[in-house]
Amino acid sequence: MSKHTSQVIRPLSGTFERITTTLDVVSLSNGSRPPIPVPDKEGVKVNIRHELEKITGGPFEIKVGFEWKDLTEILKECEVMLQDVAFSIFVRSRRLGTGHLAYSKALDEVQQDLDSDSNELVVNLRNQENPNECPIRSTSEGFEIHTVLTLARTLKRKPGTLDPYRKHAILASRVIDFSPRVEGGNDYEIKPLTKDIRREKGIGSEAWIWVEIDKEALFDADKKEFGQLIETYVDERVRSHIRTSPNSPLSKLMIQQTFVQIINQFVMNVSDSLKENDYEWEDLADRLVGVFCSGLASSLRASDELNHKERLFAAIKDSPEKVVQKLQQIVDIPATFELLTQEELTQEEVE
Amino acid sequence: MSQVPKLEIRGAIKVGKAIVEGQQEDAIEEEVSHLDEDFDFSVLKSVIKKIKKDLQAGGDAQLLELKYSGAVYLSLKDLKTELRANTDVWRGITAKYFIDQVMARVSNHEKSKWQILGTGSNPREILAWRMFTRGQLCHEDGDSFPYIEDTGKESHDFWMSHVLGSPTIAEKGLGRALVKHYAEKRLIGDPIVVDVMRPLARDWVNRPKRTIATFLMTEEEAYDFLQPIFENPPPPDSK
Numbered sequence: 001m002s003k004h005t006s007q008v009i010r011p012l013s014g015t016f017e018r019i020t021t022t023l024d025v026v027s028l029s030n031g032s033r034p035p036i037p038v039p040d041k042e043g044v045k046v047n048i049r050h051e052l053e054k055i056t057g058g059p060f061e062i063k064v065g066f067e068w069k070d071l072t073e074i075l076k077e078c079e080v081m082l083q084d085v086a087f088s089i090f091v092r093s094r095r096l097g098t099g100h101l102a103y104s105k106a107l108d109e110v111q112q113d114l115d116s117d118s119n120e121l122v123v124n125l126r127n128q129e130n131p132n133e134c135p136i137r138s139t140s141e142g143f144e145i146h147t148v149l150t151l152a153r154t155l156k157r158k159p160g161t162l163d164p165y166r167k168h169a170i171l172a173s174r175v176i177d178f179s180p181r182v183e184g185g186n187d188y189e190i191k192p193l194t195k196d197i198r199r200e201k202g203i204g205s206e207a208w209i210w211v212e213i214d215k216e217a218l219f220d221a222d223k224k225e226f227g228q229l230i231e232t233y234v235d236e237r238v239r240s241h242i243r244t245s246p247n248s249p250l251s252k253l254m255i256q257q258t259f260v261q262i263i264n265q266f267v268m269n270v271s272d273s274l275k276e277n278d279y280e281w282e283d284l285a286d287r288l289v290g291v292f293c294s295g296l297a298s299s300l301r302a303s304d305e306l307n308h309k310e311r312l313f314a315a316i317k318d319s320p321e322k323v324v325q326k327l328q329q330i331v332d333i334p335a336t337f338e339l340l341t342q343e344e345l346t347q348e349e350v351e
Numbered sequence: 001m002s003q004v005p006k007l008e009i010r011g012a013i014k015v016g017k018a019i020v021e022g023q024q025e026d027a028i029e030e031e032v033s034h035l036d037e038d039f040d041f042s043v044l045k046s047v048i049k050k051i052k053k054d055l056q057a058g059g060d061a062q063l064l065e066l067k068y069s070g071a072v073y074l075s076l077k078d079l080k081t082e083l084r085a086n087t088d089v090w091r092g093i094t095a096k097y098f099i100d101q102v103m104a105r106v107s108n109h110e111k112s113k114w115q116i117l118g119t120g121s122n123p124r125e126i127l128a129w130r131m132f133t134r135g136q137l138c139h140e141d142g143d144s145f146p147y148i149e150d151t152g153k154e155s156h157d158f159w160m161s162h163v164l165g166s167p168t169i170a171e172k173g174l175g176r177a178l179v180k181h182y183a184e185k186r187l188i189g190d191p192i193v194v195d196v197m198r199p200l201a202r203d204w205v206n207r208p209k210r211t212i213a214t215f216l217m218t219e220e221e222a223y224d225f226l227q228p229i230f231e232n233p234p235p236p237d238s239k
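Top to bottom, those sequences are chains W and P.
Residues in the first sequence are numbered from 1 upward in steps of one, following the working numbering.
Residues in the second sequence are numbered from 1 upward in steps of one, following the working numbering.
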């Protein structure tokens, strides 16, 4: 039987790349032979590709490419037709306590659904019965996508062989896990601070982080996401350490410090610009700076004097050092940053 | 409309300690903050009023948790997905609205009951989350919640270990069928005890997930699938 593996998206992993996972299709028996699929160690591999940026980038879509030649060959060896096998995608979120079937069709129907140009299957991962209920809004919420090949419901039952539940026996499966927020899942791209970048920007070899902010865009009404105006580069050795042992105390400290640095730099830059232009809250409440103040204020304690967006705005303008000092006290700064990067500015949210 | 409350783990521990010292109101005021998100909590408040009344009349806190899970689900089901995925929000709701239920647990039992405020990282410990999620699983059209109460006072381990704390919670067909079988056994006077439920769930619910796509099952299929083992349960686990 196929192995379950997981692909965990961690902070500092860069943008989501197009990855290929493989379903090891096992041999399948029916009729006079044992009814339960029997593992075949030399089974043909079938590639199923997921374009991860589509999953988290808003459309909540997954693209699947089948190696039809290999797949039909092994099914033929098992004396099973395309219509006897179903391909399904199940989305599960334990945090939300929900799961739904995003797609389930027999392989002959899957062939008809393929995109004529790319020859790939595009599946919307939303719950079609309740489109508002989509466990995937970001990688922060912790969810899994199961892609499975099973015996189809339509496979005719032979007396004494296939019990109803065995119609769902798994031939092959893959699970893609997305880490929950508490583990620091984040789809903001941290770029490598390479030698070329150091040379280009005049950064010394000892610097481990470089945060670049597009100050012009800070107050641009069209800019709605932090990713559009903050670029962060981190030393490759730091990135490598975090990738190798993401749960070590040192890695957690590095992640924490990375996001502290990003937000600190942001505060200092905003402060300079606010003073230069003498902006007031009313001028910027509907801009990214307003969103930043709202999001950050809500991350501070109820008893904190800066736990109010307008007071925080004033503090950033008048005494940014005080704000920076306060930010160091936020326990989960990566999560706070993630919250800020996921803010979608809408007029309803702006008072 | 009110702002959505939130409470971090560290704050939940402080509120828990304050309950023992009788200072919980100050601690909640101090530790619970609010998101820039509004939600109508009026329905939840009226549910809480009923729970409080039942508690004052001597109702058992665990049974009331089962009784009102459906109502809690209905009162909070319109919370945004991203808020429902945020454990800080569930801690905040528990501390702000469910404090009487929390108090009933802490004063009746031991300090470890603080965990229902969410002092650990697992959301199943958080009272509001588990009431909501239990209701979400068992909800049927017409706003009925069959079998939740029928699982009975001794069902805490069943819910926590085999439903709320298991991947089964995200499989509606299998989850509902499991609750139904468990409740039916109790209703006919032949309840499944903890030591039997553990091997049953391990060997007949969780282990088959390796080779059977249980998440594709309808409730009826899952019910048929589980029927043989509930008719002839395994021997108690000696481990």
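Where a beta carbon is used, it is the ideal one built from N, C-alpha and C, also for glycine.
Contacting residues, own chain, Cβ-Cβ under 7 Å from residue i (five flanking each side not counted)
i, result
"P:I169", "T133, L137, V163 and G175"
"P:P146", "C138 and E140"
"W:Y103", "S88, I89 and V123"
Alpha-carbon spacing of residue i relative to residue j, whole angstroms
i, j, result
"P:S46", "W:L300", "30 Å"
"P:Q3", "W:D84", "52 Å"
"P:Q56", "W:L101", "44 Å"
"P:V102", "P:E125", "12 Å"
"P:K96", "P:T214", "38 Å"
"P:I13", "P:S75", "26 Å"
"P:L192", "W:K326", "It is Ile, not Leu, that sits at residue 192 of chain P in the sequence shown. If I take the Cα positions, the gap works out to 53 Å."
"W:E120", "P:Y68", "47 Å"
"W:F90", "P:Q23", "46 Å"
"P:W219", "W:V123", "Note that residue 219 of chain P corresponds to Glu in the displayed sequence, not to Trp. Near 25 Å, if we compare the C-alpha coordinates of W:V123 and P:E219."
"P:D54", "W:R126", "40 Å"
"W:I74", "P:R105", "58 Å"
"W:E321", "P:E140", "55 Å"
"P:V15", "P:A27", "5 Å"
"W:S116", "W:Q257", "48 Å"
"W:I213", "W:D278", "19 Å"
"P:G92", "P:D100", "14 Å"
"P:F230", "P:K185", "8 Å"
"P:V205", "W:Q111", "33 Å"
"P:A18", "P:D190", "42 Å"
"W:I263", "P:E31", "24 Å"
Burial state of residue i (16 or more Cβ within 10 Å)
i, result
"W:L250", "exposed"
"W:D235", "buried"
"W:T147", "buried"
"W:N130", "exposed"
"P:S42", "exposed"
"P:N86", "buried"
"P:G58", "exposed"
"W:G160", "Residue placement at W:G160 is poorly supported in this model, since its pLDDT is 49, which falls under 50; the coordinates still yield a value, given next. Flag for W:G160 reads exposed."
"W:V202", "The displayed chain sequence assigns Gly, not Val, to residue 202 of chain W. By the 10 Å Cβ count, W:G202 comes out exposed."
"P:N232", "exposed"
"W:L149", "buried"
"W:P34", "At W:P34, the pLDDT of 37 sits below 50, so the modelled position is not reliable and the matter cannot be decided from this model."
"P:M197", "buried"
"P:P123", "buried"
"W:K270", "The question names Lys, but residue 270 of chain W is Val in the sequence shown. W:V270 should be labelled buried."
"W:K317", "buried"
"P:L188", "The amino acid occupying residue 188 of chain P in the given sequence is Ile; Leu does not appear at that position. P:I188 should be labelled exposed."
"W:K69", "exposed"
Own chain partners of residue i with C-beta closer than 8 Å, once the 5 adjacent residues on each side are dropped
i, result
"P:V89", "V4, P5, K6, L35, L79 and L83"
"W:L306", "A297, L300, L312, A315, V323 and K326"
"W:S273", "K215, L218, F219 and Y279"
Same chain only: Cβ atoms within 6 Å of residue i, ignoring 5 sequence neighbours per side
i, result
"P:P234", "P199 and L200"
"W:K191", "Y233"
"P:V194", "D157"
"P:R94", "The amino acid occupying residue 94 of chain P in the given sequence is Thr; Arg does not appear at that position. Result list for P:T94: L117, I126, L127 and A128, in chain order."
"P:F98", "L127 and A128"
"P:A222", "G173, L174 and A177"
Closer than 6 Å: residue i CB and nearest the ligand ZN heavy atom
i, result
"W:I262", "No copy of the ligand ZN occurs in the structure displayed, which carries no ligand at all."
Using 8 Å as the Cβ pair cut-off and three pairs as the minimum, do the region 208-216 of chain P and the region 168-175 of chain W touch?
yes
The region 145-154 of chain P / the region 175-194 of chain P touching (three or more Cβ pairs under 8 Å):
yes
Output the residue ranges of the beta strand (DSSP E) runs that lie fully inside the region 66-112 of chain W and measure 3 residues or longer, sorted by chain position.
Note on the region 66-112 of chain W: whole beta strand (DSSP E) runs with a minimum of 3 residues are 85-93 and 98-106, in chain order.
For the region 101-186 of chain P, list the beta strand (DSSP E) runs that are entirely contained and at least 3 residues long, ordered along the chain.
none
Which runs of the alpha helix (DSSP H) spanning at least 4 residues fall entirely within the region 226-308 of chain W, listed in chain order?
Listed in chain order, they are 236-244, 249-277, 281-284 and 288-299.
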